[in-house]
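End of the sequence shown = 704 in the working numbering, gap-free, step of one. Reviewing the structure listed below.
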Amino acid sequence: MTSAPEPQPGLVIANYGQTLLVEASDGASWPCVARKSIGQAACGDRVLWQAGRGDAHGAVVAIEPRRSLLARTDARGKSKPLCANIDQLIVVTSPAASAGASGINHSLIDHYLVTADLLGLGATLVVNKMDLAGELQAIKLRDEMARYQAMGYEFRAVSAKTRDGLPELGAQLKDRTSVFVGESGVGKSSLLQALLPDHEIRVGALSEASGKGRHTTTSTLLFHLPRGGDIIDSPGVREFRLWNISAAELARGFREFRPFLDNCRFRDCVHDGEPGCAVTLACEQGKISRQRLDSYRAILHKLPVVEYD
Ligand SMILES: Nc1nc2c(ncn2[C@@H]2O[C@H](COP(=O)(O)OP(=O)(O)OP(=O)(O)O)[C@@H](O)[C@H]2O)c(=O)[nH]1
Ligand SMILES: [Mg+2]
Ligand SMILES: [Zn+2]
């Protein structure tokens, strides 16, 4: 019997569930399965892997230590790694088809921003499909986003269709690993396609020839930017659940709450209507927006266990 091939370093560039696509140092990619004992590998993981014999899949035998990990929690509270070794979250939204409202899903945005803060990652808000926004809607959007900018988050208004704002977004992605997250249909894959003209990425338009199903993204995929940096496309979500964090951690994730958190009457205040709550008072005084406090409370009520620390 010949001995097993030497493990070599690689990068997970796609996660299809059971099968991982691993990019070798020479740029070629190989389908692999992960050894059960090593835990779940995610897109963006640096791994050690062994080539398979003949047509057989390779084997991922070790996951290198991660500098960051974004995980998703399912309805039962089970956490699943989504992508690893990322530097920033690109939170993508788009204006609603109907005029009037801005159409932005604030609760989902706030979930992602809190997640980024708690993981120590950067976050940028991107509103795509600005070509569809009417004049009034565009003003309202920029107004709402100005609030996030005041908290120190980057904001970009872009259009994958007209390419408006894409050079600026591209500059922000350079030499970093970024993951595009957000609801289904907001145009994450379209933005990646616009930034990566040499790749062919399937986007959600109905196939005109067959009229069958939308090409919604179902796997997490990593692409290299031609001028340095990696971007990861992820499947759209309706809701993003935080893992089992404490109420205190959640409140700290709302970064503009921080100056008030030590001033509540009760040390274990969760800022949900308790008397003498400094966060509620700050909201009444216009120092914290109503929408953010509502978002915080909505997330608080959904935490699997509210721990007081
Ligand atoms: N008008 C307009 N349409 C866009 C723009 N960007 C994307 N679209 C359209 O929006 C639809 C959804 O785009 P996708 O890129 O597949 O959206 P996604 O966020 O990747 O969706 P999931 O993969 O399901 O999460 C497609 O029909 C795109 O052609 C844009 O800037 N302007
Ligand atoms: Mg997609
Ligand atoms: Zn309080």
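Backbone N, C-alpha and C fix where the C-beta goes; we use that ideal spot for every residue, glycine too. Since this is a predicted model, take the numbers as computed values, not measurements.
Among residues of its own chain, excluding the 5 on either side of residue i, which ones have a beta-carbon nearer than 8 Å to its beta-carbon?
i, result
"Cys-659", "His-666, Glu-669, Gly-671, Cys-672, Ala-673, Val-674"
"Ala-693", "Ser-502"
"Gly-631", "Gly-577, Glu-578, Ser-579, Gly-580, Val-581, Lys-583, Thr-611, Thr-612"
"Gln-413", "Val-428"
"Leu-734", "The structure shown does not extend to residue 734, since the chain spans only 396 to 704, so no value can be given for it."
Could you tell me whether the Cβ atoms of residue i and residue j are closer together than 8 Å?
i, j, result
"Val-522", "Leu-564", "no"
"Leu-531", "Pro-490", "no"
"Thr-488", "Ile-504", "yes"
"Leu-561", "Leu-620", "no"
"Ile-626", "Leu-656", "no"
"Arg-542", "Ser-684", "yes"
"Ser-424", "Ile-408", "yes"
"Val-574", "Ser-641", "no"
"Tyr-411", "Ser-614", "yes"
"His-506", "Phe-649", "no"
"Gly-623", "Asp-570", "yes"
In the DSSP assignment, what are the bridge partners of residue i?
i, result
"Val-455", "Ala-429, Trp-444"
"Gly-626", "A quick correction: the sequence has Ile, not Gly, at residue 626. Looking at the DSSP assignment, Ile-626 forms a beta bridge with Ser-573, Phe-618."
"Ser-474", "Thr-468"
"Cys-438", "Cys-478"
"Gly-515", "According to DSSP, which records beta bridges pairwise, Gly-515 is partnered with nothing at all."
"Phe-550", "Leu-520"
"Glu-418", "Leu-406, Ser-424"
Under 7 Å from any heavy atom of ligand 3, does the C-beta of residue i make it?
i, result
"Ala-533", "no"
"Glu-401", "no"
"His-666", "yes"
"Ala-706", "Beyond the ends of the chain as shown, which are 396 and 704, falls residue 706; an answer cannot be given."
"Glu-679", "no"
"Glu-669", "yes"
Please determine whether the Cβ atom of residue i lies at a distance below 7 Å from any heavy atom of ligand 2.
i, result
"Thr-611", "yes"
"Lys-583", "yes"
"Asp-628", "yes"
"Gly-631", "yes"
For ligand 1, I want to know if residue i counts as a neighbour, meaning its beta carbon is within less than 7 Å of at least one of the ligand's heavy atoms.
i, result
"Asn-500", "no"
"Pro-562", "no"
"Leu-591", "no"
"Ala-552", "no"
"Leu-527", "yes"
"Lys-682", "no"
"Ala-409", "no"
"Gly-580", "yes"
Between residue i and the rest of its own chain, which residues show a CB-CB distance below 7 Å, the 5 nearest in sequence each way excluded?
i, result
"Leu-516", "Ser-463, Ile-481, Asp-482, Gln-483, Leu-484"
"Arg-347", "As shown, the chain starts at 396 and ends at 704. That puts residue 347 outside it, with no answer to give."
"Ile-458", "Ile-433, Gly-434, Ala-436, Asp-440, Val-442"
"Ala-466", "Ser-474, Lys-475, Pro-476, Leu-477, Trp-638"
"Gln-544", "Phe-550"
Hey, is residue i close to ligand 4, as in C-beta under 7 Å from one of its heavy atoms?
i, result
"Cys-659", "Among the ligands in the structure shown, ligand 4 does not appear; only ligand 1, ligand 2 and ligand 3 can be found there."
Which same chain residues, not among the five before or five after residue i, have their C-beta less than 6 Å away from its C-beta?
i, result
"Gln-403", "none"
"Leu-591", "Phe-618"
"Arg-461", "Ala-479, Asn-480"
"Phe-652", "Ala-646, Val-674"
"Ala-494", "Note on Ala-494: pLDDT 43, under 50, position unreliable in the model; the coordinate value appears next. The residues are Gly-529, Gln-532."
"Trp-444", "Gly-405, Val-417, Cys-427, Gly-453, Val-455"
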